[in-house]
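Chains as they are written, first to last, in UniProt numbering: chain E, 1 to 197; chain Z, 1 to 1071. The block underneath contains the structure these notes are about, expressed in structure tokens.
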């Protein structure tokens, strides 16, 4: 790796460490290195952040975090996204998850969004007359549980309160955070192999 | 073949319509009978066999020409027999596929030829010749018979046919043979028919429940699936639609065995059979209901015949035991862990009991109402049946549930019109069952809480019980349907939907029994348990959050264990996720409330895992989030260990896993919610000596004492209880004093409302007061006065301890007076009339201790206390007997006119002498001591002698028990004084063994033996025996003792021997 490259990384580390609190500098450096490895050495230094194309990034998220397509959002490609994923506090995670579930970005999770998120979560039984009925019912059940202000949609406040009451609801509409074992494995993989290049 | 046979065969339904004989077991056996009859006919009745049938029996056969051998003319496919009838027609003619047979001999040959197809031949023959008798004997004969009916007198018949010629005679004989055969067949059929079981919905339901349990047991899995085609249950317990119920059908099942294709089964009152594939209620066609198999008496039998895998394993798993889960049986099975202690978690059980009590109160008046009013009222019925079913804590004798069942059956027969009447009867019939169950419970429940006797108060232990459910679900609450819906989503959802559904389920009141049972009844429990075996942490957490709540229900616990869920939970105990560990441990704590569950935990290595959970840093002032979680995990672990520690083997396992030091560390925690389970476990385990030593060595007494001053009653109770058990050991008692634990114990006595706490505190005081230094301390705190006040109006477990403590306190003379002044003597004497053996032992001991004071004795005498103590000698318990006898000694010694008093007790002396036949050394020793006291009165000694006390005492002399030796020698010594008793003892061979007593190491034995020998030596023959046994040398040794009486006795004995020797010498010299 060239000296210039190294310097670039250094500055990147400096800027990132100001924005992200959960990692120390070495860890940030490790993450950047890993990122570069994933993007491929060939990419132009300094433009590394853009060198990862969508498909590739998606496959990484698939491989590392076992995420589904629905859950891959732009947010995660930033370092603070990584921070939430790996070290996030509950509050951060709630915020993150809410944004993931808020598909149209209007700061509410509506019935329709829930339906969309949950539509594949029930096995269709051939005997059911209306295959969507179960999901609709599930949405209603969820709303009943989480919609505290009874306006028929989930605001961030609703979501936050419900999750604080029952942590299991954090990923209520789909898996969007890595589980502990994946985190451990990832951190081990990235942080422990201190690159001596 | 006979007229009645035709009828018998037609009894089976389908044959009447189609003209085919069904392949039912009954028809099968009928055919076999007939076949045997035909086979043997030719050889047994040769003459009748030759008789040519009036008309040939013809049927289409499977036999071919090639099957026939000699005696037959075979041309192409046709066959004719050589034998011909009078008109030249062959007796057997085959023109395929039809065969004509004209005689029994040919029939019999034919079935021989048919070989293994013979049964089919007979069947075809019978099917196509519906009236064989008419064909055999001719229509005219059949008419005669019909006219005469079945009751025809044989003789008159014979007479009648004789008139009609020679030929008829053979016919009659043939006829009689056939009729005989008929009768045999009929009686056989009847027997079989009477054996047919009539099923009822309850029986079917129980069986289905049983089978369902076999669906999810991992390796032991026998069946893949058992389900009703319709979950809807009619109020009579049937699942079948009403128009089918009219035909006696109860329900339709779909069962998937592991090794064969899916079975579609109809359960009807006549038995169970395979149907034409009814998959789902409503979609089947009429033909689906058709029977396609034999009828079996129950599902298990059907499955055994269809699925070899099931048959093989079902036998292994011992259906019998499970089919009728009676308390008795299971107890037997569970006897491995028989030693259990049921003290802690009283509060919880108490609570449950209270609930039950309430329920009882609620429905008892209802019952009375039910008797007066004959109005049907489904609500009431539900209340009456449902509430006890839930409170499984209550033990119902099998009898009453049997009655219930019969009630149900009866109801079904009576139909709706008679329902209300039956209900009234039912309420009456179940009534005697209930109080008796209470009766059974009470004495056991109040079982002696005596220290370490591992008194397993069985009734407090949850026992396995027959599951009883509400008989109808007409009144199901709305929660039931909602839960059913949720379970449906659980079954069919991916992990996201599962988590959402689980969260929704948590919003129900899971502590409520309706919800708990609803989850089980709609199959939710299986799903929850299955989730535990997945890799989804969130699903597992959600599932456990529900399980830990619903496992407060006894039936759910059992179901969890039955489904193998406990294994899965135990597996989770070493998960890396802390939340999971904590939840799993908490669930284990709930589930492991009965033996089988505790054993399961142990067998799957759960104890080790639980002990591992205890690792944490409990006493840091500020904990990080992570450490706090560790502490929570440890707390849950301790809770689980507490539940598990009720089995003796688990106690050992906890110790081996290194749990004791960890518990000791947690004991220093400042949090009550941590301390309660830890102390609970410790006090539970303290019944084992190894634990008592460990508790002392690990310095836990200090912490226990410290927590005595906590302000949590439960914690105080467990601490006191732990001290109670540990204070058996002297060092512990001293430690309690050192750590200033005595004062808090005394102050606990003021909490008179909390009986369990009071029992534990008084127990600790009792055990601590065994050390006299402690008694002195207690006096400072005025413990004695408080204790005496507690002698009245307390439950027995408190009384036992209070009286025990009084017994110890009364060892100090000053305290005897205090007890008297506080009016304790009367209370004590009143308690002598009780029945609790542990209490009686302590009371007699205390009375005995008090009786050593003359003033006290006067009061006891006045209250007729001696008679009461004396009558306790009749108590069956050896402990009570000996304790009473010991108490008698000071009474007799200190009573004013003891001799007269003893004589006034009619039969008392005889009773005492008879107790010398006891096999218990303690009883014998105490009785000997009492005899020694009684024998001080000459008249009484005379009576004792009359009752044969001398040979009985002499018989005991060979004992090696020093305690018995001492009192026995004393008794012998005192009994020598009367008449020729000295010589009698010599004759009975009591002297030589007594000499051996002098070799004992016990000084007290020496003393009483020397006294006895002195008395005995007044008889010259005894002197000779003694001398011969070398008594002089040890006696001279004893003369050197410090004790004057001992010196005197020994010297006196030697003197007597010497005198005899001198006299002897003189006699030799001078005569």
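The beta-carbon is built from N, C-alpha and C at its ideal position, and this holds for glycine as well.
Contact between residue 975/Z and residue 941/Z is confirmed by a C-beta separation of about 6 Å, below the 8 Å threshold. In its own chain, leaving out the 5 sequence neighbours on each side, no residue places its CB closer than 6 Å to the CB of residue 180/E. The count of Cβ pairs closer than 8 Å, one atom from the segment 531-551 of chain Z and one from the segment 603-620 of chain Z, stays below three, leaving the stretches out of contact. DSSP lists no beta-bridge partner residue for residue 894/Z. Less than 8 Å separates the beta-carbon of residue 791/Z from that of residue 824/Z. Close CB contacts of residue 650/Z within its chain, under the 7 Å cut and outside five residues either way in sequence, are with 598, 602, 607, 644 (chain order). Here the alpha carbons of residue 557/Z and residue 968/Z stand approximately 56 Å from one another. The beta carbon of residue 160/E sits closer than 7 Å to the beta carbons of 94 from its chain, once the five residues preceding and following it are set aside; these are given in chain order. By the neighbour-count criterion, in which a residue is buried when 16 or more other Cβ atoms sit within 10 angstroms of its Cβ, residue 493/Z is buried. The alpha-carbon of residue 1042/Z is positioned some 15 Å away from that of residue 1002/Z. According to DSSP, residue pairing for residue 84/Z in a beta bridge involves 90/Z. Residues of the segment 158-174 of chain E with a C-beta less than 9 Å from any C-beta of chain Z: 162, 166, 167, 168, 169, 170, 171, 172, 173, 174, listed in chain order.
In the DSSP assignment, residue 264/Z forms a beta bridge with 254/Z.
Under a 10 Å Cβ-count criterion, residue 118/Z is classified as buried, with 16 or more other Cβ atoms of the shown protein chains found around its own Cβ. Under a criterion of Cβ atoms nearer than 7 Å, the residues of chain Z adjacent to residue 121/E are, in order, 493, 494, 496, 497. Within the UniProt domain "EF-hand" (134-169) of chain E, the complete alpha helix (DSSP H) segments of 4 residues or longer fall at 156-165, listed in chain order. Distance from the CA of residue 953/Z to the CA of residue 997/Z, rounded to the nearest whole angstrom, comes to 15 Å. Among the residues facing chain E, residue 503/Z is included, as its CB has a counterpart in that chain under 8 Å away. Chain-ordered, the chain Z residues with CB closer than 8 Å to the CB of residue 134/E read 488, 489, 492.
Taking C-beta separations shorter than 7 Å and ignoring five residues to either side along the sequence, the partners of residue 568/Z in its chain run 529, 532, 533, following chain order.
As the crow flies, the alpha-carbon of residue 188/Z is around 15 Å from that of residue 35/Z. Listed along chain Z, the residues sitting closer than 7 Å to residue 179/E by beta-carbon distance are 537.
Around the C-beta of residue 774/Z, 16 or more other C-beta atoms lie within 10 Å, and the residue is accordingly described as buried.
DSSP places residue 598/Z in no beta strand (DSSP E) but in the uninterrupted alpha helix (DSSP H) bounded by 595-603. The beta-carbon of residue 500/Z is placed less than 8 Å from the nearest beta-carbon of chain E. The contact set of residue 577/Z on chain E, defined by CB atoms closer than 8 Å, consists of 180 in chain order.
Residue 557/Z carries a helical assignment under DSSP once its states are collapsed to helix, strand and coil.
When rounded, the separation of the alpha-carbon atoms in residue 554/Z and residue 648/Z is 22 Å. Taking all protein chains shown into account, residue 1038/Z has 16 or more neighbouring C-beta atoms within 10 Å of its C-beta and is therefore buried.
Using a Cβ-Cβ cut-off of 8 Å, residue 542/Z is close to 168 of chain E, given in chain order. Comparing alpha carbon positions, the residue from 111/Z, 507/Z, 1013/Z, 709/Z closest to residue 993/Z is 1013/Z.
Comparing alpha-carbon positions, the option among 172/Z, 610/Z, 779/Z lying closest to residue 575/Z turns out to be 610/Z.
Exposure of residue 1070/Z is indicated by the presence of fewer than 16 other C-beta atoms within 10 angstroms of its C-beta. Chain order gives the chain E residues near residue 506/Z as 166, where near means a beta carbon separation below 8 Å. Under the three-state reduction of DSSP, residue 662/Z is assigned to helix. The C-beta distance from residue 1010/Z to residue 1049/Z rounds to 4 Å, short enough to meet the 8 Å contact threshold.
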